[in-house]
Amino acid sequence: MQPCSVSKTIFFATVTLILSVFDSYAITSETLPGTRRADAILGDPDDTIFSGHAYRRIVGKSRLHCGATCAGNATGCLSFNYCHDTKVCELNSAGAAQHRQDLIHAEGCNYYDTSTRSVCGMVTDTTYYYRYLPSAVDVRRLEFWVQASHDAHVSLSPALPADPDELYEIVFGSGFNQWADIRRCALCPSEVDVPAPGVVSGSQFRGFWVTFDLHTGLLAAGREGQVTPIMQWVDPAPLDVKYVGFSTGWGSTGIFRYSCSM
Ligand SMILES: *[C@@H]1O[C@H](CO)[C@@H](O)[C@H](O)[C@H]1NC(C)=O
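Residue numbers (mature numbering (1 follows the signal peptide of the UniProt record, and there is no 0)): -26 to -1, 1 to 236.
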């Protein structure tokens, strides 16, 4: 995070479904490395809005909320404007690529285009099953953000389709947001079960990391910005995991965010 550059640093949302089966789309982030500035595509987006295409206006919420709301309308929200001072969020049904003349000066506001994808997202409902990212990922260090009131689950699997008996299941907020767990299979008894009251939130994105070392079998998970893990476990028979999946359940829905290049 670079707090002093927030107003200058522009991030993007995209509502394009990457693969409808994964319910994936890119949404905004203030924290992910590698997010691109709007000027990479738009020239001079600071103090600019895309005028005349708003289908909805929200006042008083954060830019992140604005971007996530846009991302939640996967087919209808193609861009958004956010004014930092007045906290006005406008969700647009079109993008500036086709209507550049509608980009107008507006002090303290920014235009966020959804056509540049840098941060991906996934919505999970209350049904427990893993929605896996289709490509193999570098599981040595994963970083993601999740908004869920409890039971944010991450799976690391050696193969797809995943074998529920041969995967890692990392849970943030089990027991109605009281615990964090590491399991060696889906929904089996935990190898590690640590108290973690309030570890996830239904109203805020919380960042987490998971590291895995295939050689030592050390699997660790912690909070964004903290080096000390919340929990760790050494698997005596490490799984050569390559795929990551997300789930919520037990009455909790979730929004997961992660780098599209993860
Ligand atoms: C999605 O966006 C379209 C505009 O493209 C809008 O008409 C529709 O109401 C939006 N849906 C929701 C659920 O916000």
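The beta carbon of each residue, even a glycine, is placed where N, CA and C say it ideally should be.
Because the structure is a prediction, the values reported are computed rather than measured.
Check                                                                                                                                                      : Outcome
Taking only three categories from DSSP, how would you classify T5?                                                                                         : Because T5 carries a pLDDT of 31, less than 50, the predicted location of this residue cannot be relied on, and no value is offered for it.
When the Cα atoms are used, what is the spatial distance from R114 to F186?                                                                                : 5 angstroms
Have a look at V173 and A80 and give me their C-alpha separation to the nearest angstrom.                                                                  : 39 angstroms
Which residues in the same chain have their Cβ closer than 6 angstroms to the Cβ of D155, if we skip the five residues on either side of it in sequence?   : V145, S148, S164, D167
With respect to 6 angstroms, is the separation between the Cβ of Y29 and the closest non-hydrogen atom of ligand 1 below this value?                       : yes
Does the beta-carbon of residue 242 have 16 or more other beta-carbons within 10 angstroms, so that it is buried, or is it exposed?                        : For residue 242 there is no data in the structure shown, the boundaries of the chain being -26 and 236.
Beta carbon of S25: closer than 6 angstroms to some heavy atom of ligand 1?                                                                                : no
In the region 37 to 102, which residue ranges form an unbroken beta strand (DSSP E) of at least 3 residues, counting only runs that do not cross its ends? : 53 to 57, 62 to 66, 77 to 87, 93 to 98
Pull up the distance between the alpha-carbon of Y142 and that of T227, whole angstroms please.                                                            : 21 angstroms
What first and last residue would you give for the alpha helix (DSSP H) that runs through G149?                                                            : 148 to 151
Would V184 and L107 qualify as a contact pair, given that the criterion is a beta-carbon distance under 7 angstroms?                                       : no
Determine whether the beta carbon atoms of M96 and F220 lie at a separation below 7 angstroms.                                                             : yes
Taking 6 angstroms as the cut-off, is the C-beta of N66 nearer than that to any heavy atom in ligand 1?                                                    : no
In angstroms with no decimal places, state the Cα-to-Cα distance between D139 and F54.                                                                     : 43 angstroms
Is it buried or exposed, F150, if we count other Cβ atoms within 10 angstroms and call 16 or more buried?                                                  : exposed
Taking buried to mean at least 16 other C-beta atoms within 10 Å of its own C-beta, is S129 buried or exposed?                                             : buried
Roughly how many angstroms separate the alpha carbons of C44 and C162, rounded to a whole number?                                                          : 37 angstroms
From this set, T100, K216, A28, which residue's C-alpha is nearest A68's C-alpha?                                                                          : A28
Which one of Q178, K216, E64 has the shortest CA to CA distance from A136?                                                                                 : K216
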